[in-house]
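Here is the structure we will look at.
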Amino acid sequence: MSKRRILITGGTGQVGTELLRCHWPEDIELVAPARQELDLCDCDRIKSYIAAGSFSAVINSGAYTAVDRAESDILTAWKVNAMAPVAIAAATKDSGVPIIHISTDYVFSGAKNSPYLEEDPVAPLGVYGASKEAGEQAVRTGNPRHVILRTAWVYSEHGSNFVKTMLRLAKTVPGIKVVGDQIGSPTSAVDIAKTVQKITLSLINHDAAPTGTYHFTNAGEASWFDFASEIFRLRGSLRDTSPVLEEIRTFEYPTAAKRPANSTLSHEKIEADYGVNPRHWKDALSDVMASLRASEVLREDER
Ligand SMILES: NC(=O)c1ccc[n+]([C@@H]2O[C@H](COP(=O)([O-])OP(=O)(O)OC[C@H]3O[C@@H](n4cnc5c(N)ncnc54)[C@H](OP(=O)(O)O)[C@@H]3O)[C@@H](O)[C@H]2O)c1
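Going by this note's numbering, the sequence shown opens with residue 7, and the numbers climb by one from there.
The structure is reproduced here in structure tokens:
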């Protein structure tokens, strides 16, 4: 049986790792080159790699995600988040190969007081958001067979994320200050990967599969403080004590990059077009905490 090859960039990242762990049909071969083999700063290499690869789809989950570092490392952020998508779109357009491109709530300012719709105006607050917005434009204008999937507040059992930071801090400090006036939807990389897989298989199996920009996060809303509280509530079954959490305001925790106050994203469009009904963030978090419990992260914590 000849295999259909799917290129996954960022295969070592949170979303990429979960994409590689998904159960794919037998006739699919996933190709996930490491940075050394496919540097997303190298547009010529991206184009030649895709031209030689006979891919049926490209999933771009690679990105420069260090939001604060991007404020000073502007060139690298733009190369990876904006120019790499230009090259991917250019390399796929003529062959009609679909792109599934992951983007972010940070394209929005956060000033809206209800969940963002796909067509709401973008107004990024920093370099990371601006470079991701440019990457969206590159994909949108460069290859009509695209799905841009915006997500937010991503965590998983791998990589660096808020859940793992909270668990690490709990081992070293008695109290943790957490921002309570930014709202979003904590989203498991496992759930993003399943959604990306569903969309990718639709696009390669059906010429008429819906294209365009979509929002996906887990359901429900939380502040970072709510998120931290739930992490420690779930961890509580392992320990008698939890660190003391203190709710603070954004201005009390200055960062190089500004963050949107409202990161919530509407799911109506992805529900209607792709039948994706995200589960509640607390259910997804419970699963990831169970995975962490089974791994070293929480076992070390128990000692
Ligand atoms: N994390 C979040 O909270 C969040 C929120 C909203 C949207 N998103 C979006 O979701 C997507 C996936 O994010 P994530 O959290 O899975 O990211 P992540 O864990 O930070 O992983 C980023 C991936 O990109 C790769 N990468 C970065 N620069 C590269 C380069 N020059 N060449 C090749 N590979 C490079 C990394 O490779 P190495 O392992 O070699 O570094 C890694 O595999 C991204 O598009 C991101 O913008 C993330």
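For glycine and all other residues, C-beta sits at the position ideal for the given N, C-alpha and C. Being a predicted model, the structure only gives us computed values, none of them experimental.
- ARG11 and LEU207 have their C-alpha atoms spaced approximately 12 Å apart.
- GLY135 has its CB no nearer than 6 Å to any heavy atom of ligand 1.
- Look at GLY190 here: in three-state DSSP terms it is strand.
- Check the Cα spacing between SER60 and each of TYR70, PRO104, ALA40, MET295: the tightest is with PRO104.
- Following the DSSP letters along the chain, one finds TYR134 inside the alpha helix (DSSP H) bounded by residues 133-148.
- In the DSSP assignment, PHE61 falls within the unbroken beta strand (DSSP E) covering 61-66.
- Here GLY186 really is in contact with TRP230; their C-beta atoms are around 7 Å apart, less than 8 Å.
- The criterion of a C-beta distance shorter than 7 Å is not satisfied by VAL73 and TYR161.
- In this chain, the alpha helix (DSSP H) harbouring GLY22 covers 20-27.
- Residue state for VAL113 is assigned as helix, using DSSP reduced to three classes.
- The residues PRO192, THR193, SER194, VAL196, ASP197, ASN224, in chain order, have a CB closer than 8 Å to that of ALA290 in the same chain once the five nearest residues on each side in sequence are set aside.
- If you draw a 10 Å sphere on the C-beta of ARG41, you find fewer than 16 other C-beta atoms in it, and that means exposed.
- Distances from the CA of GLU124 to each of ALA63, LYS204, GLU32, THR110 were compared; the closest alpha carbon is that of THR110.
- DSSP places LEU271 in the strand class (E or B) of the three-state scheme.
- In the DSSP assignment, HIS212 forms no beta bridge with any residue.
- By the Cβ test, the stretch 170-183 is not in contact with the stretch 264-282, since fewer than three Cβ pairs between them sit closer than 8 Å.
- Excluding five sequence positions before and after PHE238, the CB atoms of its chain that fall closer than 8 Å to its own CB belong to MET172, ALA176, SER248, PRO249, LEU251, given in chain order.
- Note: VAL160 is bridge-paired with THR193 in the DSSP secondary-structure output.
- Within 10 angstroms of the beta-carbon of GLU35 lie fewer than 16 other beta-carbons, which makes it exposed.
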